[in-house]
Amino acid sequence: MTAFAATAATTRRVTAEHHQALARAGERIAPTWPLDRWIAVNPWWGLRDLPIEQAEALLARRGGGRLTLAPEFYRRAWESGRIRPEALREAIALCDSSLDEAALLTRLERSEAPPRGPASAWEEADEAGATHQDPFGPVAECCAGYFDHHQQRWENARDEPLYAWWHAESRHDRRLSATQRRHLATLPAEATDAREQLLEELALSPEALEALAHALLLRVNGWASWCQGLAWHTPTAAGHAGIAQLLVVLLAWEWLGLAGRNTAERERWAAQWEAAATPPEQDREALWCWQCAFELDYQRRLAVTLTAPPVARPTHKVQAAFCIDVRSEPLRRHLEAAWEEVATLGVAGFFGMPITHASAGPERDLPRLPGLLAPRYRTAEAPPIAPLHRRRYRQEASRQGVRHAKYHALSTFTLVETTGLAWAWKLIRDSRRRPAASPSPTPLAGPFHAVGGEPLTPAERVELARGLLEGLAPGGEVAPLLVLVGHDSASDNNPHHAGLTCGACGGQGGGLNARLAAQLLNDPEVRRGLAARGIALPEGTHVLAATHCTLTDRVTLHDTDAMPEALTPLLKRFEQALAEAGRTTRETRAATLGVAAEDDATRLAALARRGGDWSQPRPEWGLANNAALLLAPREASRGRDLAGRVFLHEYHPAHDPDGRTLEALMSAPMLVANWINLQYFASRADPERHGAGNKLLHSVLGGHIGVIEGNSPQLRTGLPWQSLHDGSDWRHEPLRLTVVIDAPRERIEGVLARQPDVARLVDHRWLWLCRLTASGLERYMPGGWHCIS
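Residues 72 to 860 in our numbering are what the sequence shown lists, from first letter to last.
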């Protein structure tokens, strides 16, 4: 028995239930992705097995945090008419609340203190000493040092597991007392042995242990999310650096904080965690009624919009398939208004191409598909790229030479100051430069198999094209010109740039996927294979790729030199419609960014400069204000102003009698839209815990791992404050996603029966599920369907 254990009244035999409790605590943490592959993640994904109200109560009891807004937010919404009395009464019934309207209004007059759970041993000591420092800062610093493979200048052994590395480093940490360092030395250096000793000496029940472990992970939520994310995007690293290793570090840190406590203090510490195992009911019923009313009012307005008289659909000459991203909705609407013979479609922006792409030079391959999928194929910049390859390697070698000289232990202050001043010319040039035209894309080689590198067989290429066309769902007819429009953004000095590009492409631009898909569908051999399967494309149809810049709302067409001459007049008319739609869309978006201009040329130049301005914290608003997902034919939304708040994915119920396509849409695009929606929701509702903080104080860690704020070593996840706030007011309205599906009731219910994760999100109110009918919308509830009047 160690000196620490001697202070305890007893020890507890470790059982399988204790290990299961640790595993459950780890599963409560959502993953996160690297900055260069950043995708929006629901930070409460690990709590989806609980109703959303219970999830909030559990978080409040264990580590603080909330899912509803402050009372003054709902008071302003009520006073402004954003929440109507009818919506509030409906919310009271839906939430089965015992409160009436008067009681709910009274609740808004009360301010609320931030929720607080039991204090860890280090937090108790910090309160006693009133140091106002982060008690878990040393653990966060350990993670920063361990995972930083790029920026730090002292080489660290990377073969060691996370716990072993922390154990060795912390034994020499002079911030710890000599007694604490001696206690630490008694722990085994191997994580498995240390975990057994810690569980025995902490002597908690499995339920209390789960509460403690989850609370400790929440204290370093950013690093816990990073460790959890390794199992999703870097599985080879999860074994020695995953969340199980971090949990041992945190338990050891808590164990160390208890060192020297007497028996009474230790029993009091244990008792609070035993109590935390069963969180009490929180006083949040009223706020959840208000949140529901806020969302129900939006659903009513959406129902009114979707049931407006339909717009006549003429025979179309061009079909343009856009990513379902909410920023595509205004451009699609204005494009169809500019030329009625254009029909737009909505589809996931990676266009069914599960690829990773290799650029010339030293850059590593980057996946270009949804983060929840693994790339099956690989593409590369096509020959001749040798000169480009050599030039990029020389440029990187020069940069590395400066870095090594600048940070070498023998370098002088003179060298550091000189190399720093050498960058002044670049800052001046970038500040005065005019926006450059988009470079011509390089030819593509591939696709090849990601493993082995063999080219795809003709049958595999046909199957890839078939999957694309099934997802595209062009409605049984294809126009002479089919355009696949990916999207991208442009901004300098922006660590969160990937969050402004295409989430369906893993935080990369979607133009490359569109080009690859277009090449595939134009391949005569692929077309013959599709025809043999009964999916014939008309002989005169040509597929073209394009990229929509969401910063400027310009659309760039790719590979137009391969267009058949007979389609040239059609292409010119389409380009005119794109230009007109871009002008109309820019006029609206520029106003939300504070860009005032009298003519479109000035407005376009101002927007482009925002992307090239390395001091601009708000190049664009991204997916702020997203609120709904519509799975329906375009006819259900054509001509209707959805205010850039709705993800639009094509779905034709008549072409899907067995529900197989709907099941794929509800378990993939719907899931991704829910992650995006709740990432924005969390960053707005609880920015301290789930937002990235102030961009002006950010430092990038490890080259691509994430950002820290100021001198804090805590990794920040979520969205920066500037991505949601314009300096005067919030730009994102926090609503849970409303999913509207055009399909029979029994088909939707069948998907819920076969997909338990989807059913949990619906039944536990992490999103709203509605059905489009001839007279409006009806909302799904576990007890049945209810009409939205």
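Ideal Cβ placement from N, Cα and C applies to all residues, glycine included.
Kindly list the residues whose CB is nearer than 7 Å to the CB of residue i, restricted to its own chain and excluding five residues on each side of it in sequence; keep chain order.
{"i": "A521", "result": "T427, P446, R447, Y448 and R449"}
{"i": "W693", "result": "In the sequence as displayed, the identity of residue 693 is Gly instead of Trp. Answer for G693: G570, L571 and S794, listed in chain order."}
{"i": "P635", "result": "H613"}
{"i": "L601", "result": "V533, A536, R537, A607 and L608"}
{"i": "P122", "result": "H835 and R836"}
{"i": "L591", "result": "R532, L535, A536 and V597"}
Just to confirm the assignment, what range does the beta strand (DSSP E) spanning residue i have?
{"i": "A429", "result": "I426 to A429"}
{"i": "Q390", "result": "V389 to C394"}
{"i": "A341", "result": "Looking at the DSSP string, A341 is not in any beta strand (DSSP E); the run it does join, the alpha helix (DSSP H), is T334 to A347."}
{"i": "S770", "result": "H769 to L772"}
{"i": "P737", "result": "Note that residue 737 is Met in the sequence shown, not Pro. Per DSSP, M737 belongs to no beta strand (DSSP E); it is in the alpha helix (DSSP H), R731 to S738."}
Give the single residue among the options whose Cα lies nearest to the Cα of residue i.
{"i": "A679", "options": "R660, N697 and L280", "result": "R660"}
{"i": "A695", "options": "E706, G715, R681 and G854", "result": "G715"}
{"i": "E691", "options": "A739, N565 and L638", "result": "N565"}
{"i": "R355", "options": "A87, W104, S686 and R181", "result": "R181"}
{"i": "A550", "options": "T612, A652, E651 and S399", "result": "T612"}
{"i": "A616", "options": "A703, L587 and P595", "result": "L587"}
{"i": "W746", "options": "A87, T86, R83 and W116", "result": "W116"}
{"i": "N113", "options": "Y751, T663 and E452", "result": "Y751"}
{"i": "R83", "options": "V666, Q268, A174 and A330", "result": "Q268"}
{"i": "A87", "options": "T732, S276 and G328", "result": "S276"}
{"i": "A824", "options": "D797, S754, S738 and R332", "result": "S738"}
{"i": "L270", "options": "E325, T250 and R252", "result": "E325"}
Assign residue i to buried or exposed, taking buried as 16 or more other Cβ atoms, counted over all protein chains shown, within 10 Å of its Cβ.
{"i": "K643", "result": "exposed"}
{"i": "R246", "result": "exposed"}
{"i": "T572", "result": "buried"}
{"i": "E226", "result": "Its pLDDT being 44, under 50, E226 is placed unreliably in this model, and the coordinates cannot settle the point."}
{"i": "S770", "result": "exposed"}
{"i": "C841", "result": "buried"}
{"i": "H89", "result": "buried"}
{"i": "T874", "result": "Because the chain spans 72 through 860 in this model, residue 874 falls outside it and cannot be assessed."}
{"i": "C620", "result": "buried"}
{"i": "C858", "result": "exposed"}
{"i": "E272", "result": "buried"}
{"i": "R137", "result": "buried"}
{"i": "W344", "result": "buried"}
{"i": "Q647", "result": "exposed"}
{"i": "E195", "result": "buried"}
{"i": "Q316", "result": "buried"}
{"i": "A845", "result": "exposed"}
Going by DSSP, what residue range makes up the alpha helix (DSSP H) through residue i?
{"i": "P306", "result": "P306 to A312"}
{"i": "V549", "result": "Unbroken run through V549: none, as it is neither H nor E."}
{"i": "W88", "result": "Here residue 88 turns out to be Glu, not Trp, going by the sequence shown. Here the alpha helix (DSSP H) through E88 covers A87 to E98."}
{"i": "H761", "result": "P758 to H761"}
{"i": "L233", "result": "L233 to S241"}
{"i": "C576", "result": "C576 -> no alpha helix (DSSP H), and no H or E assigned at all."}
Taking Cβ positions, are residue i and residue j nearer each other than 8 Å?
{"i": "L719", "j": "L701", "result": "yes"}
{"i": "C166", "j": "C363", "result": "yes"}
{"i": "V811", "j": "L790", "result": "no"}
{"i": "Q28", "j": "A295", "result": "Limits of the chain in this structure are 72 at one end and 860 at the other, which puts residue 28 out of reach."}
{"i": "W193", "j": "H567", "result": "no"}
{"i": "C360", "j": "A162", "result": "yes"}
{"i": "G574", "j": "V833", "result": "no"}
{"i": "L377", "j": "A158", "result": "no"}
{"i": "L179", "j": "P142", "result": "yes"}
{"i": "D594", "j": "P704", "result": "no"}
{"i": "W792", "j": "P758", "result": "yes"}
{"i": "L301", "j": "A312", "result": "yes"}
{"i": "E734", "j": "Q826", "result": "yes"}
{"i": "L838", "j": "R807", "result": "yes"}
{"i": "A419", "j": "R132", "result": "no"}
Quick one: residues in its chain with C-beta nearer than 6 Å to the C-beta of residue i, no 5 flanking neighbours on either side, listed in chain order?
{"i": "G423", "result": "G538, L539 and G542"}
{"i": "P609", "result": "V549"}
{"i": "C214", "result": "W294"}
{"i": "R290", "result": "F207"}
Quick one: does residue i have its CB under 8 Å from some CB of chain C?
{"i": "P791", "result": "Absent from the structure: chain C. Only one protein chain is present."}
Which residues in the same chain have their Cβ closer than 8 Å to the Cβ of residue i, if we skip the five residues on either side of it in sequence?
{"i": "R657", "result": "T623, D624, D671, R674, L675 and L678"}
{"i": "A284", "result": "A92, L93, A96, G97, L318, L321 and L322"}
{"i": "P815", "result": "P724"}
{"i": "A429", "result": "D436, R449, T450, A451 and E452"}
Report yes if the C-beta of residue i is less than 7 Å from at least one heavy atom of the ligand FAD; otherwise report no.
{"i": "S276", "result": "Among the components of this structure there are no ligands whatsoever, and the ligand FAD is therefore not found."}
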